[in-house]
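The next block holds one structure in the form of C-alpha cells; read it before the comments.
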Amino acid sequence: MRIAELSRRSGVPIPTIKYYMREGLLPPGERTSPNQAQYEETHLRRLKLARALVEVGGLSIAAARDVLTLMDSQMNSLSALGKAQYALTTRRDHVEDEAWTEASRQVDELIAKREWRVGPRNPARLSLTEALATMHRLRQDDYFALLGEYAETVGHLAELEITAIMGRPDLDSMAEAVVIWTAIGDAVVSSLRRIAQEAETARRFGGYVDD
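If you count by the UniProt record's numbering, then the sequence shown holds residues 1 to 211, one letter each, in order.
Structural data, given as C-alpha cells:
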C-alpha cells in the first residue's frame, strides 16, 4: 500500500507517519521511485502500536523508540521481557530529602513483606518511591494506611496478567503482550479506578458528579 492508504487504514495523519519514521518508530517503506514507497501489513501493525504507545500509553517518542527497538531484537530470554517492561517506565530525577528517605524505607519494607523479587534499580520501584515521597511532602499521611491493600490488589492483578502472558506460544508474542498490556493497561487500570471512585461516591452520597 502507499502512504495515503497506510494513513487511511491506520487513522494516523501522513505528517505523523513521516514524523514517526524520522524518529525511528516506524521503518521506511520499500522505494518504488524517488518519491514513492510501498508499505506492508507489518508497517500498519507497527504504526498502530507506535501510536498506541505514544497517544494512549503516554510514552515519550524516545521511550517508545526504545521499547520498539527491544521488541525488534531477538527475544531469546525472559530477561529480555523484563528489559522491555523496564523501558516502559519513565525515569525522573528526584530529590533525596527526608521525605525520600522515609518513602524509600516504606517501599523496601513493602517489597520485603510481600517477598517480591525486585531489582534495586527497577525504574518502577524508583517512581513509586518518588510518588510516596511526594505524598509525605504534601502531608497526606493517612494515604499510607492503604499501601498494603494496594499491594494486595495489584499483586493479584499481576498474577493474572503474567499467567495469561506465559500462556502465549513464544517469546515474541509474550514481549508484545508485556509492552501493550503494560503501556495500555496502565490507562485501563487508571480509568477503571476513576470510574469505581465515582460509583462508590454515588453509592454513599447519591446522584452523579455531572448532575
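From the three backbone atoms N, C-alpha and C, an ideal C-beta is built for every residue, glycine too.
Owing to the predicted nature of the structure, the values given are computational and were not obtained by experimental measurement.
Local Cβ density within 10 Å of Leu49, reported as buried at 16 or more and exposed below that: Taking the first residue of the sequence shown as 1, we reach residue 49 at position 49. The residue is buried, with at least 16 neighbouring Cβ atoms inside 10 Å.
Please report the straight-line C-alpha distance between Pro27 and Gly185, rounded to a whole angstrom. As a first step, residue 27 is located in the sequence shown; it is residue number 27 there, counting from the start. As a first step, residue 185 is located in the sequence shown; it is residue number 185 there, counting from the start. If you take the alpha carbons of Pro27 and Gly185, they lie about 26 angstroms apart.
List in chain order: all unbroken alpha helix (DSSP H) runs of 4+ residues lying wholly within the region 17-96. 41-51, 61-72 and 78-87
Residue ranges of each alpha helix (DSSP H) within the region 120-170, 4 or longer: 123-137 and 147-166
Between the region 156-176 and the region 117-135, do three or more beta carbon pairs fall short of 8 angstroms? no
What do you reckon, are the CB atoms on Ala37 and Arg31 nearer than 8 angstroms? The residue labelled residue 37 in the question sits at position 37 within the sequence shown. The residue labelled residue 31 in the question sits at position 31 within the sequence shown. Yes; because the gap between Cβ atoms is below 8 angstroms, this pair is in contact.
The alpha helix (DSSP H) enclosing Glu115, as first and last residue numbers: Counted from its first residue, the sequence shown places residue 115 at position 115. Segment: none, Glu115 is in no alpha helix (DSSP H) and carries neither H nor E.
Same chain, Cβ closer than 8 angstroms to Tyr143, neighbours up to 5 away in sequence not counted: Here the question's residue 143 lines up with position 143 in the sequence shown. Taken in chain order, the residues that qualify are Met135.
Measure the Cβ-Cβ separation of Thr182 and Leu88 and say whether it is below 8 angstroms. As a first step, residue 182 must be located in the sequence shown, where it is residue number 182. As a first step, residue 88 must be located in the sequence shown, where it is residue number 88. Cβ atoms of Thr182 and Leu88: closer than 8 angstroms.
Over what stretch of residues does the alpha helix (DSSP H) that includes Arg8 continue unbroken? Indexing the sequence shown from 1 puts residue 8 at position 8. Here the alpha helix (DSSP H) through Arg8 covers Ile3 to Ser10.
Taking Cβ positions, are Arg65 and Glu115 nearer each other than 8 angstroms? On the sequence shown, position 65 is the one that residue 65 refers to. On the sequence shown, position 115 is the one that residue 115 refers to. For Arg65 and Glu115, no; Cβs fall outside 8 angstroms.
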